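Have a look at the structure below before the remarks.
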Amino acid sequence: PRRAPWAMLRALGAAALRRPALRTATSPVATLRPEEPIAHAIAVMSERGVGSILVAAHSGAIQGILTERDVLEKLDFNASLHSVSIESLMTREMAMQRAQPDSSMGFCLEKMQVGGFRHIPIMDGTVALAMLSMRDVGKVLCLEHAAVAHGSHGAADCQPAEETAALAAATAVTASDLSASRATRVHVGQLAMPSCIEVPRASTVAEAVVRMREWRAGAVLVPARDGDMSASRDRFSIFTERDYLNMLGSAARLGVSLDPRRVAITACATPSSSVVGVTPNTAAISCLQKMVDDGVRQLPVIAPVATTPAGSTSGAHASAVADADATDSPRGMLVAMLTMRDVLAHFLPGSG
1 PRRAPWAMLR ALGAAALRRP ALRTATSPVA TLRPEEPIAH AIAVMSERGV GSILVAAHSG
61 AIQGILTERD VLEKLDFNAS LHSVSIESLM TREMAMQRAQ PDSSMGFCLE KMQVGGFRHI
121 PIMDGTVALA MLSMRDVGKV LCLEHAAVAH GSHGAADCQP AEETAALAAA TAVTASDLSA
181 SRATRVHVGQ LAMPSCIEVP RASTVAEAVV RMREWRAGAV LVPARDGDMS ASRDRFSIFT
241 ERDYLNMLGS AARLGVSLDP RRVAITACAT PSSSVVGVTP NTAAISCLQK MVDDGVRQLP
301 VIAPVATTPA GSTSGAHASA VADADATDSP RGMLVAMLTM RDVLAHFLPG SG
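Below you can see the structure in the form of structure tokens.
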């Protein structure tokens, strides 16, 4: 796209990103003790639908943070959830990134993008005041867009004409533009890796987790047919860090042992019939709104299947669509995967 829409997209979020992060972040912050079993932490995170939890001593001093990524990358498949301590998996306080009470959302988002993480605690000395997530930032940007769309002049610190241009830009930049620019136009830090990879449908959860660890990916695609994703772009499942946490959380709450090496990936992944994506022409801000509303971090971009004027599917896609219709899958073909990190990166200065 022309450079102007990218610049105006950044302008739309400029005022929101200048606001104090403390105003938006989640408070109070839930904390657990470092000596508690990881089973308890996983159960709490799964039940509350949160991706991180702070770890504090009895004195209240913060000693670290435990995230979904810590669980994914560090938990041994042989380990008992009730015998492993939170302390053994957490990111220790000295390695934690943090924000100050007066830090802006833009400052926090830049830290999260460059550092490759999704949560940042807002600290006043050793006291945790709140936790800011990428989803929190996404919510505010969507509210900013809605304010401008409804004529709340000044919402974006722009003149009315500039607000109109910013609103148009948010619509002009599409999912297709975002996916095309991901690798070449947006700097998301040295730790950036492919947002989604694939594993065979016969894989176990452990095999999927190993692949996610290798590529630092937050999700894997699972073909609905034998073979790789090239033959299953119209039908596939998605297995995410949250799916892994929820699987472990269920086992922790039931007090049962679970070996990921014996669990089929198809038993835990979001099934094809529940996968919902966006079309390539979906506006960037709408992609972000969908992620915020649905609580997802990965968003498939699905191109509608071409049809003839009579409505019948053309050529090579005919059998694929018939297969998809039989299972109530999205009618279309996967062309890209977006992450919330991809979308939010375009609101930062220097992107686009």
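Take 1 as the starting number for the sequence shown in the UniProt record's numbering and just add one per residue. Even glycine gets a Cβ: it sits at the ideal position worked out from N, Cα and C. The structure displayed is predicted, hence computed values, not measured ones.
Under the assumption that P304 contacts G277 (Cβ atoms under 8 Å), give the Cβ distance between them as a whole number of angstroms. As a first step, residue 304 must be located in the sequence shown, where it is residue number 304. As a first step, residue 277 must be located in the sequence shown, where it is residue number 277. No, P304 and G277 are not in contact; Cβ-Cβ is about 11 Å, not under 8 Å.
With distances taken between CB atoms, is the gap from G218 to T67 smaller than 8 Å? Reading the sequence shown from its first residue, position 218 is the one you call residue 218. Reading the sequence shown from its first residue, position 67 is the one you call residue 67. No, they are not a contact pair.
Does DSSP put H58 in a helix, a strand or coil? For the purposes of this step, residue 58 is taken as the residue at position 58 of the sequence shown. Coil.
Would you check if the distance between the CB atom of A283 and the CB atom of T171 is smaller than 8 Å? What you label residue 283 is simply residue 283 of the sequence shown in a count that begins at 1. What you label residue 171 is simply residue 171 of the sequence shown in a count that begins at 1. Yes; because the gap between Cβ atoms is below 8 Å, this pair is in contact.
Determine, using beta carbons only, whether I38 and T126 come nearer to each other than 8 Å. Counting from one through the sequence shown, the residue named residue 38 turns up at place 38. Counting from one through the sequence shown, the residue named residue 126 turns up at place 126. Contact flag unset, no.
Residue nearest to R216 in terms of C-alpha spacing, selected from D124, P223, E241: Along the sequence shown, one-based indexing puts residue 216 at 216. Checked all of D124, P223, E241; the closest Cα to R216 is E241.
Pick from I197, R201, A208: whose alpha carbon is nearest that of Q298? Counting from one through the sequence shown, the residue named residue 298 turns up at place 298. Of I197, R201, A208, the residue nearest in Cα terms is I197.
Looking only at C-alpha atoms, which of V137, F117, S232 sits nearest to M291? The sequence position of residue 291 within the sequence shown is 291, counting from 1. Cα-wise, what sits closest to M291 is V137.
By alpha-carbon positions, which one of R201, L109, D342 ends up nearest to I122? In the sequence shown, residue 122 corresponds to position 122, counting from 1. Per the Cα distances, L109.
I believe S133 touches H119 by the beta-carbon criterion, under 8 Å. Please report the beta-carbon distance rounded to the nearest angstrom. Numbered from its first residue, the sequence shown carries residue 133 at position 133. Numbered from its first residue, the sequence shown carries residue 119 at position 119. 5 Å between Cβ atoms; contact.
Considering Cα atoms alone, identify which of G64, R201, E144, V71 is closest to L32. Within the sequence shown, the letter at position 32 stands for residue 32. Of the candidates G64, R201, E144, V71, the one whose C-alpha sits nearest the C-alpha of L32 is G64.
Could you have a look at T174 and say whether DSSP puts it in helix, strand or coil? Within the sequence shown, residue 174 is the residue found at index 174, counting from 1. Three-state result, T174: strand.
Exposed or buried, what is residue 353 when buried is set at 16 or more other beta-carbons lying within 10 Å of its beta-carbon? Since the displayed the chain opens at 1 and closes at 352, residue 353 lies outside it and no answer follows.
As assigned by DSSP and simplified to three states, the class of S85: By 1-based counting over the sequence shown, the position of residue 85 is 85. Here S85 sits in strand by DSSP.
I'd like the list of long-range same chain contacts for P223, defined as Cβ closer than 6 Å, with 5 residues on each side in sequence excluded. In the sequence shown, the residue the question calls residue 223 occupies position 223. Hits under 6 Å: R201, M229, S232, F236.
Please classify G60 as buried or exposed, where buried requires at least 16 neighbouring CB atoms within 10 angstroms. Along the sequence shown, one-based indexing puts residue 60 at 60. It is exposed - the Cβ of G60 has fewer than 16 other Cβ atoms within 10 Å.
Going by DSSP, what residue range makes up the alpha helix (DSSP H) through S232? For this step, residue 232 is matched to residue 232 along the sequence shown. Note, S232: premise wrong, no alpha helix (DSSP H); not H, not E.
For L132, the first and last residue of its enclosing beta strand (DSSP E): For the purposes of this step, residue 132 is identified with residue 132 of the sequence shown, where counting begins at 1. Segment 127 to 133, the beta strand (DSSP E) holding L132.
Which stretch, first to last residue, makes up the beta strand (DSSP E) that contains A336? Position 336 of the sequence shown, counted from the start, is the residue given in the question as residue 336. Where A336 is concerned, the enclosing beta strand (DSSP E) stretches over 333 to 339.
Could you give the C-beta distance for L17 and M96, rounded to a whole number, given that I count them as a contact under 8 Å? Position 17 of the sequence shown, counting from 1, holds the residue named residue 17. Position 96 of the sequence shown, counting from 1, holds the residue named residue 96. Actually they do not touch by this definition, with Cβ atoms about 22 Å apart.
DSSP-derived helix/strand/coil call for G51: To locate residue 51, count along the sequence shown from 1; it is residue 51. In this structure, G51 counts as coil in the three-state DSSP scheme.
Reduced DSSP secondary structure (H/G/I, E/B, other) of T24: Working through the sequence shown from its first residue, we reach residue 24 at position 24. Three-state DSSP puts T24 in coil, outside helix and strand.
Please say whether F347 and G115 have beta carbons closer to each other than 8 Å? Locating residue 115 in the sequence shown gives position 115, counting from the first residue. Locating residue 347 in the sequence shown gives position 347, counting from the first residue. No. Outside cutoff.
Following the continuous alpha helix (DSSP H) through L299, name the residue where it begins and the one where it ends. Here residue 299 refers to the residue found at position 299 of the sequence shown. Per DSSP, L299 belongs to no alpha helix (DSSP H); it is in the beta strand (DSSP E), 298 to 303.
At the level of alpha carbons, what is the spacing between V29 and N281? Here residue 29 refers to the residue found at position 29 when the sequence shown is read from its first residue. Here residue 281 refers to the residue found at position 281 when the sequence shown is read from its first residue. V29 and N281: Cα-Cα distance of roughly 38 Å.
Let me make sure I understand the geometry here. Which of S179, V209, T279 has the alpha-carbon closest to that of D70? Position 70 of the sequence shown, counted from the first residue, corresponds to residue 70. When only C-alpha atoms are compared, the closest one is V209.
Does DSSP put T204 in a helix, a strand or coil? Locating residue 204 in the sequence shown gives position 204, where the first residue counts as 1. T204: strand per DSSP, three-state reduction.
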